[in-house]
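K.L.:
My questions will all concern the structure given below.
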Amino acid sequence: MTSPSPLRGKSAIVGVGTAGLGEAPGFNAMDIQALAVRAALDDAGLSLTDVDGLFCANMSHTFPAISTVEYLGLNPRWIDGTNTGGSSFVAHALSATMALEAGLCDVALICYGATMRSGAGRMVPPAEQPAYEVPHGPRYPMTAYALAAARHMAQFGTTREQLAAVAVAARDWARLNPDAFERDPLSVEEVLASRMVMEPLSLRDCCLLTDGAGAIVMTRADRARDLAHKPAYFLGGGVASYNRAISEMPDLTSTAAKDSGKRAFTMAGLSQGDIDILQLYDAFTINVILFLEDLGFCPKGEGGAFVQDGRIAPGGALPVNTNGGGLSFCHPGMYGVFTLIEATRQLRGAAEARQVDKADTVLCHGNGITLSHQATAIFGSDNAL
Amino acid sequence: MSHTGQDTDPAVAPASGPDHEFQTHVADGKLWLQHCKDCDTAIFMPRVLCPSCASLALEWRPASGLGTIYSQATLRPRAKPGAPERPPHSVVLVDLDEGPRMMSHLPGVSPEDIHIGMRVRARIDGDTGSHLVAFFPEESQP
Ligand SMILES: [Zn+2]
């Protein structure tokens, strides 16, 4: 094996916070983002004046980082507003590690907030959409994921029942999470019987549309050890992207997660068998199947069979989306930051009813736009260092 | 020849933007695609350079118009109380015989009559300056 990356184990998540999960009427995106930031800083035992590095993205503001600086009264030395869609925050964990290790900042804040549910009442898409697709009547982002699902089904025989198994596993985890938006029992039959929205995806194949904000605080590993909680060490990360529009994607059954995952595993010096828990960006049920395959947890085309018998559900061999995911926990337009928050809670052993017994390594995977950008980050407890 | 930049070789720089050139070419009712003169790649969406080799030497050629449906997604609009029912709408991805893939739809064809692997032929719809490439089923299935 190649020598370990100089970034492995050099930073850690030391504070996490959420706010406005579900519905936050009367608040705007910046309001609940600020509440999540306060919660994350309180959790870390740090204050706003300690924050000197800011990483954020959203769809409601043209200049999210600058608006966040102003609202929070920050005076950061380092600002990264890279916007790759919902994957941004997982990618920010890698960027923040670089900035911390380079001495560009000492306390990195990664944050997001959105109030689409109580604001517009619908998914507010980005202003710029692919010009050669729009005249044909796509509904973003749903059409893109339905095209991927239809192709996966045609090429590999993946079934609607297998897609439904992803939604049911997410719901079974959400039932263990008091913060989850949807906690009623859900069966495969109910997913199949739910309203067909964008064939082959039914309503229960699609993520929630909620309000919500999340924030994490990262420091260098040496400082992390002196703070309140067990650090969630950054072990490796990677990003990959080939296209913006779904019609420009070379193979709809194979995402850039292949490359982002490989890069993250290489940096971490780990392989799939070393990972205890996965947090996969599940905007739609097909995502989980695609990412399990592309990240190397099962061969290409076998993701449907892999998930169908409860393997990723509570009590299964490979816990996936232990908070209930975007399908049942919350999904405020961009979900990536919540993968980092749940990873941290599991690594601390603080996930209560949904705590996984062996939780020393968690892989977080973020997906941006319409399968357009992929970001992977692996975190571990001190046992994994 | 319009002014396209200080450092671009005027021998290969396009006369106007590729979106405008696309609209001008397809006005004859046929699908046209850019081809790279250096690596022979067919290109869609229209660009000023070849995404395979970065060449600026692109030329417009009439395409066969033939392609195969690569995937299909069908919007099933929710019935709104008191409003007329809206029909389902299939969006497709078509793999052109020349290589590129494009999003499109099949006007007037029921989603049940569209399937992955089906052969289709392009037709140019829309008004001058906002033409789009639609498809219809190719009668002589191979
Ligand atoms: Zn070329």
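These protein sequence lines are chains A and B, in that order. Here the numbering used here is used: the first residue of the first sequence is 7, the next is one more, and so on. Here the numbering used here is used: the first residue of the second sequence is 10, the next is one more, and so on. C-beta: ideal position from N, C-alpha, C; glycine also. Being a predicted model, the structure only gives us computed values, none of them experimental.
1. Using a 10 Å radius around the Cβ and a threshold of 16 neighbouring Cβ atoms, would you call R269/A buried or exposed?
2. May I ask you to list, following chain order, the residues of the region 70-99 of chain B that have a beta carbon less than 9 angstroms from some beta carbon of chain A?
3. Per DSSP, which one or two residues make a beta bridge with H124/B?
4. Counting only C-beta atoms, is M54/B closer than 8 angstroms to chain A at any point?
5. What is the DSSP secondary structure of E205/A, reduced to helix, strand or coil?
6. Using 10 angstroms around the beta-carbon of M10/B, count the other beta-carbons present and answer buried if the total reaches 16, otherwise exposed.
7. How should N389/A be labelled, buried or exposed, when 16 other C-beta atoms within 10 angstroms of its C-beta is the threshold for buried?
8. Report the residue from R56/B, G74/B, A51/B whose alpha carbon sits nearest the alpha carbon of A137/A.
9. Could you tell me which of L60/A, L80/A, D315/A sits nearest to C117/A, measuring between CA atoms?
10. Could you tell me whether the Cβ of L67/B comes closer than 8 angstroms to any Cβ of chain A?
11. Contact between the region 140-159 of chain A and the region 245-259 of chain A: three or more CB pairs below 8 angstroms?
12. Would you kindly check if the distance between the Cβ of I375/A and the Cβ of H158/A is under 8 angstroms?
13. Is it right to say G386/A is buried, meaning 16 or more other beta carbons lie within 10 angstroms of its own, or is it exposed?
14. Under a CB-based cut-off of 8 angstroms, is M111/B close to chain A?
15. Quick check on H379/A: does DSSP put it in helix, strand or coil?
16. Roughly how many whole angstroms lie between the Cα atoms of A88/B and L209/A?
17. Does the beta-carbon of F145/B have 16 or more other beta-carbons within 10 angstroms, so that it is buried, or is it exposed?
18. Enumerate, from N- to C-terminal direction, the unbroken beta strand (DSSP E) stretches of 3 or more residues contained entirely within the region 146-180 of chain A.
19. Rounding to the nearest angstrom, what Cα-Cα distance links A131/B and G279/A in this structure?
20. Given a threshold of 16 other Cβ atoms within 10 Å of its Cβ, counted over all protein chains shown, does F95/A qualify as buried or as exposed?
21. Within 8 angstroms (strictly less), CB to CB, does V57/A reach chain B?
22. Per DSSP, what are the beta-bridge partners of P68/B in this structure?
23. Report the neighbours of H114/B on chain A: residues whose CB is nearer than 8 angstroms to its CB, in chain order.
24. Flag I133/B as yes if its beta-carbon sits less than 8 angstroms from any beta-carbon of chain A, otherwise no.
25. Contact between the region 221-235 of chain A and the region 13-25 of chain A is defined here as three or more beta-carbon pairs at a separation below 8 angstroms; is this criterion met?
26. Using the Cβ count rule (16 or more neighbours within 10 Å means buried), how would you classify P116/B?
27. In chain order, what residues of the same chain lie with their CB nearer than 7 angstroms to the CB of L377/A, ignoring the 5 residues before and after it?
28. Using beta carbons (cut-off 8 angstroms, strictly below), is T13/B in contact with chain A?
29. Under 8 angstroms between beta-carbons, which chain A residues line up against M123/B? List them in chain order, please.
30. Rounded to whole angstroms, how far is the Cβ of A274/A from the Cβ of Q380/A, which I believe are closer than 8 angstroms?
31. Closer than 8 angstroms, CB to CB, is L40/B near chain A or not?
32. In whole angstroms, what separates the C-alpha of E188/A from that of G125/A?
33. Against chain A, does V102/B count as a neighbour if the rule is that its beta carbon must be under 8 angstroms from one of theirs?
P.N.:
To lay it out plainly:
1. Working through the first sequence from its first residue, we reach residue 269/A at position 263. The residue is buried, with at least 16 neighbouring Cβ atoms inside 10 Å.
2. Y79, S80, Q81, A82, T83, L84, R85, R87, P97, H98, S99
3. Start at 1 with the first residue of the second sequence, and residue 124/B comes out as number 115. Note: H124/B sits in no beta bridge, so no partner.
4. For the purposes of this step, residue 54/B is identified with residue 45 of the second sequence, where counting begins at 1. It does: the Cβ of M54/B has a partner Cβ on chain A nearer than 8 angstroms.
5. Within the first sequence, the letter at position 199 stands for residue 205/A. E205/A: strand per DSSP, three-state reduction.
6. Numbered from its first residue, the second sequence carries residue 10/B at position 1. Unreliable positioning characterises M10/B in this predicted model, as indicated by a pLDDT of 43, which lies under 50. A coordinate reading is not provided.
7. The count along the first sequence starts at 1 and reaches residue 389/A at position 383. Exposed is the call here.
8. Taking the first sequence and counting its residues from 1, the one referred to as residue 137/A is at position 131. Ranking R56/B, G74/B, A51/B by Cα distance to A137/A puts R56/B first.
9. Indexing the first sequence from 1 puts residue 117/A at position 111. Closest option to C117/A, Cα to Cα, is L60/A.
10. Taking the first residue of the second sequence as position 1, residue 67/B is located at position 58. Judged by the 8 angstroms Cβ criterion, L67/B is not in contact with chain A.
11. yes
12. Translated into positions along the first sequence, residue 158/A becomes position 152. Translated into positions along the first sequence, residue 375/A becomes position 369. Not closer than 8 angstroms, so no.
13. Working through the first sequence from its first residue, we reach residue 386/A at position 380. Answer is buried; the Cβ neighbour count reaches 16.
14. What you label residue 111/B is simply residue 102 of the second sequence in a count that begins at 1. Judged by the 8 angstroms Cβ criterion, M111/B is in contact with chain A.
15. Locating residue 379/A in the first sequence gives position 373, where the first residue counts as 1. H379/A: strand per DSSP, three-state reduction.
16. Your numbering for residue 88/B matches position 79 in the second sequence. Your numbering for residue 209/A matches position 203 in the first sequence. If you draw a straight line from the Cα of A88/B to the Cα of L209/A, it is about 15 angstroms long.
17. For the purposes of this step, residue 145/B is taken as the residue at position 136 of the second sequence. Its Cβ having fewer than 16 others within 10 Å, F145/B is exposed.
18. none
19. Within the second sequence, residue 131/B is the residue found at index 122, counting from 1. Within the first sequence, residue 279/A is the residue found at index 273, counting from 1. So the two alpha carbons sit approximately 48 angstroms from each other.
20. Position 89 of the first sequence, counting from 1, holds the residue named residue 95/A. Its Cβ being crowded by 16 or more others within 10 Å, F95/A is buried.
21. Mapped onto the first sequence, residue 57/A falls at position 51. It does not: the Cβ of V57/A has no partner Cβ on chain B nearer than 8 angstroms.
22. Against the second sequence, residue 68/B aligns to sequence position 59. At residue 68/B the sequence reads Glu, which differs from the Pro that was named. Its beta-bridge partners are H44/B.
23. The residue given as residue 114/B occupies position 105 in the second sequence. In chain order: H142, G143.
24. The count along the second sequence starts at 1 and reaches residue 133/B at position 124. Not an interface residue.
25. Taking 8 angstroms as the limit for Cβ pairs, the verdict is that the region 13-25 of chain A does touch the region 221-235 of chain A.
26. For the purposes of this step, residue 116/B is taken as the residue at position 107 of the second sequence. Its Cβ having fewer than 16 others within 10 Å, P116/B is exposed.
27. Against the first sequence, residue 377/A aligns to sequence position 371. Excluding residues within five positions, the ones whose Cβ falls inside 7 angstroms are A150, A154, I252, M255, T261.
28. For the purposes of this step, residue 13/B is taken as the residue at position 4 of the second sequence. Summary for T13/B: the model assigns pLDDT 48, below 50, so the residue's position carries little reliability, and this model does not support an answer.
29. Counting from 1 along the second sequence, the entry for residue 123/B is found at position 114. The question names Met, but residue 123/B is Ile in the sequence shown. Under the 8 angstroms cutoff, chain A gives no residues; its nearest Cβ is about 11 angstroms from I123/B.
30. Within the first sequence, the letter at position 268 stands for residue 274/A. Within the first sequence, the letter at position 374 stands for residue 380/A. Not confirmed; about 16 angstroms, so no contact.
31. Residue mapping note: residue 40/B aligns to position 31 of the second sequence, counting from 1. For L40/B, the answer is no, since every Cβ of chain A falls outside 8 angstroms of its Cβ.
32. One-based indexing of the first sequence puts residue 188/A at position 182. One-based indexing of the first sequence puts residue 125/A at position 119. Between the alpha carbons of E188/A and G125/A lies a gap of roughly 20 angstroms.
33. In the second sequence, residue 102/B corresponds to position 93, counting from 1. Sequence check: residue 102/B is Leu here, not Val. L102/B counts as touching chain A.
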